[in-house]
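**Q**
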């Protein structure tokens, strides 16, 4: 059965709770050959964009994104409107960064409806084929080519 894997970038450091970069996160889960890999929660779309872009550059799987409706305000609520959230996700889709989009904390049915409208008719990201390479992960990703190839 298809496996969908989603992680969380915990703050503006750009790392997961365990300290991994998005690229290292991918390498640590790619052996499962997931249907998709992505990020959800903790960040609004604007803050999540560079991390989704990083995943899209290394993953040979579909990319999913479920941002919050912005960052929490001082009362713990979310202020980003459906138009704001959907504008970001529509741009990601047009840029070829994502395959599956939605919303997490603070998003409402109106957010989801606006996101669906923003991506309607946009071609999904083409899942790239990656050359065979040695890929290791710790906090960072390490990649080494084979016989005469340069490291990425």
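In the numbering used here, the protein residues as written are 71 to 222. Built from N, CA and C at the ideal position, the CB exists for glycine as well. These numbers come from a predicted model, not from an experiment.
Starting from the Cα of residue 87, find the closest Cα among 188, 130, 209, 214 and give me that residue.
**A** Ranking the options by Cα distance to residue 87, first place goes to 209.
**Q** Between residue 115 and the rest of its own chain, which residues show a CB-CB distance below 7 Å, the 5 nearest in sequence each way excluded?
**A** Excluding residues within five positions, the ones whose Cβ falls inside 7 Å are 137, 155, 158, 159.
**Q** Report buried or exposed for residue 176, applying the criterion of at least 16 other Cβ atoms within 10 angstroms of its Cβ.
**A** Buried, because 16 or more other Cβ atoms sit within 10 Å of the Cβ of residue 176.
**Q** Return yes when the Cβ of residue 181 is within less than 8 Å of the Cβ of residue 191, no when it is not.
**A** The answer is no: Cβ separation not under 8 Å.
**Q** What do you reckon, are the CB atoms on residue 133 and residue 189 nearer than 8 Å?
**A** For residue 133 and residue 189, no; Cβs fall outside 8 Å.
**Q** Tell whether a beta-carbon distance below 8 Å holds between residue 213 and residue 205.
**A** Yes, the pair counts as a contact, with Cβ atoms nearer than the cut-off.
**Q** Please list, in chain order, all residues of the same chain as residue 122 whose beta carbon is under 7 Å from its beta carbon, the five residues on each side excluded.
**A** Cβ neighbours of residue 122 beyond the five flanking positions: 109, 133, 135, 162, 167, 168.
**Q** Report the rounded CA-to-CA distance for residue 202 versus residue 215, giving the unit in angstroms.
**A** Using only the alpha carbons, I get a separation of about 8 Å.
**Q** Whole angstroms is fine: what's the gap from residue 79's alpha carbon to residue 194's?
**A** The straight-line gap from Cα to Cα measures roughly 23 Å.
**Q** Keeping to the same chain, check which residues put their C-beta closer than 6 Å to that of residue 131; ignore five residues upstream and five downstream.
**A** 104, 106, 107.
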